[in-house]
Structure formats: C-alpha cells, structure tokens
Amino acid sequence: MFARLASLALATVAMGSTDAFGQVYYGGYNLGPDYGQMANQMMAQMNSTVRLAEQRAQDAVEKAMQDPRCKAMHQQHLQQGGRTSLRDFAYWYVATAGGTPEGARRYMNNELNNQSKEKAAVQGLWNAQQQSKQAIAAWQQGYYHNQAEAGNILSGNKTYTDQNGQQHVLPYLQPGYYRNPQTGVLFHLDQFGRYHMRDTNGYWTELNR
Numbered sequence: 000m001f002a003r004l005a006s007l008a009l010a011t012v013a014m015g016s017t018d019a020f021g022q023v024y025y026g027g028y029n030l031g032p033d034y035g036q037m038a039n040q041m042m043a044q045m046n047s048t049v050r051l052a053e054q055r056a057q058d059a060v061e062k063a064m065q066d067p068r069c070k071a072m073h074q075q076h077l078q079q080g081g082r083t084s085l086r087d088f089a090y091w092y093v094a095t096a097g098g099t100p101e102g103a104r105r106y107m108n109n110e111l112n113n114q115s116k117e118k119a120a121v122q123g124l125w126n127a128q129q130q131s132k133q134a135i136a137a138w139q140q141g142y143y144h145n146q147a148e149a150g151n152i153l154s155g156n157k158t159y160t161d162q163n164g165q166q167h168v169l170p171y172l173q174p175g176y177y178r179n180p181q182t183g184v185l186f187h188l189d190q191f192g193r194y195h196m197r198d199t200n201g202y203w204t205e206l207n208r
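So in numbering that gives the first Met the number 0, spot 68 of the sequence shown is number 67, and the numbers just go up one at a time.
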C-alpha cells in the first residue's frame, strides 16, 4: 500500500547536487564525485524518510478506520458489490480527503506527479552509476597510457601527435631525420626537441608532444 512512499523519498534525494559528496582519489588521480557514498547516503535517507512517512500514513489510516463516516461509506461500498478491505478503503479515504471530488482530483494529480518523480529518481540513479563507470574507465585508460609512455621513454621514444590526431612513437634522444620503416613517412627532430613531419606534398608540419 505504501510502496510509492519509497519512490517519493528516493526522488527527493536523487535530485540533490553531487557537490555535497567527496571526491574519489586513486593512484593520485581524481575520479570525480564519490558516487558510492552518494548512493549509500541516498538509500539511508530514503529508508529514514520512508519509515517516517509510513508511520504517519499508518496513524492516519488507523484513525480513519475508527471514523464513523469512513466505516459507513465502506459498508455502502460492500453493499454495492465492492470487495475492498476496510484498511485499504481507509487509505483511499485519507488520500482523497474523505472521498470528496476536490480530494479525489488532488489525489490523481499527486499520483501523476509521483510517477514523474519516480522516473526522475530512477534516471538520477542510473546517471550516477554511469558517471561512476565512466570515471573509472577514464582513469584506467589514462593509467595504461602513462604506463605505455613510460615504457617508450625508457626505450628512447616518445609519443607525438600530428594535426590529424594520429599518434607517432618516435626516438627523441638524438636530433636528425627518422623514416618510419612501415609507412615511409619522414620525420625530423631539431636541436630544440621539436618534431616535424613531411606530408605527401613535401610540406613540413610540427607535431605536438
């Protein structure tokens, strides 16, 4: 009966900013907000909110079950062929402010609003999980790249990037010309450590290190 309260609580917390949570550091790298801590705190707040809301709802339902008007309306409901229990009927009675047209209209509007909040809450959690995965993947990619570049440097090479974004692993210890044996592309390292690549038209362009 009160399952929707959990969704409402989750929606309230999930819409909060990630600025309130710490950052994750691993190996000197900042992986971004601590989404694990965020998820744990969201669940703790949700559980606390749900327990409080359930208790208040239970109290209101218990009171309605003793209300003569509610019991009379429930009896009429049964006489008309209805099968709703008194407790469930009392829940409807409370939610619709005694079954009034205005209360029923407000109840339906709240239901629609709750569904929207549920969708936003689920999307918020999914986004947090995806951002956590992306942060870890980015760190792993950077770590492996740095490890590979460290191996290149130990062997006398460095990675350079041309204007098209293509990377070239080239020797950097001795200025002079270097031709890639696989592609035939000619490179030149000057005395200031700047690499240039000769294109098919004979023009030289500087590489980024």
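For each residue, glycine too, the CB sits at the ideal point set by N, CA and C. Everything numeric in this text was worked out from a predicted model, so none of it was measured.
Once you ignore the five residues that flank residue i on each side, which residues in its own chain have a CB closer than 7 Å to its CB?
i           : result
lysine 157  : Asn151, Leu169, Tyr171 and Arg208
alanine 103 : Thr95
proline 174 : Leu188, Asp189 and Gln190
lysine 118  : none
Do residue j and residue i count as a contact pair if the criterion is CB distance below 8 Å?
i             : j             : result
threonine 204 : glutamine 162 : yes
Note down the Cα distance separating residue i from residue j, rounded to an integer number of angstroms.
i              : j              : result
proline 260    : arginine 197   : A query on residue 260 cannot be resolved here, the shown segment of the chain reaching from 0 to 208 and no further.
tyrosine 25    : glycine 98     : Bear in mind that a pLDDT of 49 at tyrosine 25, under 50, signals an unreliable position, so the number given afterwards is only what the model happens to contain. Each residue's alpha carbon lies about 57 Å from the other.
glycine 183    : glutamine 190  : 23 Å
proline 67     : glutamate 61   : 12 Å
glycine 81     : glutamine 40   : 43 Å
methionine 107 : arginine 55    : 20 Å
glutamate 110  : threonine 160  : 56 Å
alanine 43     : glutamine 57   : 21 Å
lysine 70      : glutamine 114  : 30 Å
histidine 73   : proline 100    : 17 Å
glutamine 165  : glycine 155    : 20 Å
serine 47      : lysine 116     : 18 Å
threonine 83   : glutamine 75   : 11 Å
alanine 134    : glutamine 79   : 60 Å
arginine 105   : asparagine 112 : 10 Å
lysine 132     : glutamine 122  : 15 Å
Tell me which residues share the same chain as residue i and place their Cβ nearer than 6 Å to its Cβ, disregarding the 5 neighbours each side in the sequence.
i             : result
histidine 195 : His187, Trp203 and Glu205
threonine 199 : none
tyrosine 176  : His187
histidine 167 : Tyr159
Would you grab the beta carbon distance between residue i and residue j for me? Rounded to a whole angstrom, and I think it's under 8 Å.
i            : j             : result
leucine 85   : methionine 64 : 6 Å
arginine 193 : leucine 185   : Their Cβ separation, rounded to whole angstroms, is 15 Å, which puts arginine 193 and leucine 185 out of contact at 8 Å.
valine 93    : alanine 59    : 5 Å
Excluding sequence positions up to five away, which residues of its chain have a Cβ less than 8 Å from the Cβ of residue i?
i           : result
glycine 201 : none
arginine 50 : none
For the ligand MG, is there a heavy atom less than 7 Å away from the beta-carbon of residue i?
i          : result
lysine 157 : The ligand MG is not part of the structure shown, which contains no ligands of any sort.
Are three or more beta carbon pairs between the region 83 to 99 and the region 118 to 129 nearer than 8 Å? Contact between the region 83 to 99 and the region 118 to 129 is absent, with fewer than three C-beta pairs closer than 8 Å.
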